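A.B. asks:
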Amino acid sequence: MLIAYSTQPNAVAADGNGRNSPFTGALVREMQVPGLEVATVFRRVAVNVNRETGGAQTPELSVSLLQDFYLIPRKAMSVPGKSWGPRQALPT
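Numbering (the working numbering), first residue to last: 3 to 94.
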């Protein structure tokens, strides 16, 4: 199980100025990076949100996974004819 919170308990999450909140924007970007284990994805999201909000917001994560889990597995990076960039979207 994995539960991600956009901020810490008793804190208010920023809405942001654009289409997405800082948390959602960072999550959308980071979850598209191939070969990252899911806990690493959320750590990178937390760093980005904390930086973007000037330290006012720090996401929290509760993980009880017993093995590594990848949103885009490493083997997907070697799909013939497909060049994966660091922030490319999933193929449809």
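Glycine included, every Cβ here is placed at the ideal spot set by N, Cα and C. Source: prediction; values computed, not measured.
Is DSSP giving A28 helix, strand or coil here?
C.D. replies: Within the sequence shown, the letter at position 26 stands for residue 28. Looking at A28 - three-state DSSP - the assignment turns out to be helix.
A.B. asks: If we call anything under 8 Å between Cβ atoms a contact, is A6 one with Q59?
C.D. replies: Taking the first residue of the sequence shown as position 1, residue 6 is located at position 4. Taking the first residue of the sequence shown as position 1, residue 59 is located at position 57. No, they are not a contact pair.
A.B. asks: Secondary structure at A6, three-state DSSP: helix, strand or coil?
C.D. replies: By 1-based counting over the sequence shown, the position of residue 6 is 4. A6: strand per DSSP, three-state reduction.
A.B. asks: Classify V35 as helix, strand or coil using the three-state DSSP reduction.
C.D. replies: In the sequence shown, the residue the question calls residue 35 occupies position 33. Of the three classes helix, strand and coil, the one that applies to V35 here is coil, per DSSP.
A.B. asks: For N22, tell me which candidate among E54, P75 and L63 has the shortest Cα-Cα distance.
C.D. replies: Mapped onto the sequence shown, residue 22 falls at position 20. That would be E54, whose Cα lies nearest to the Cα of N22.
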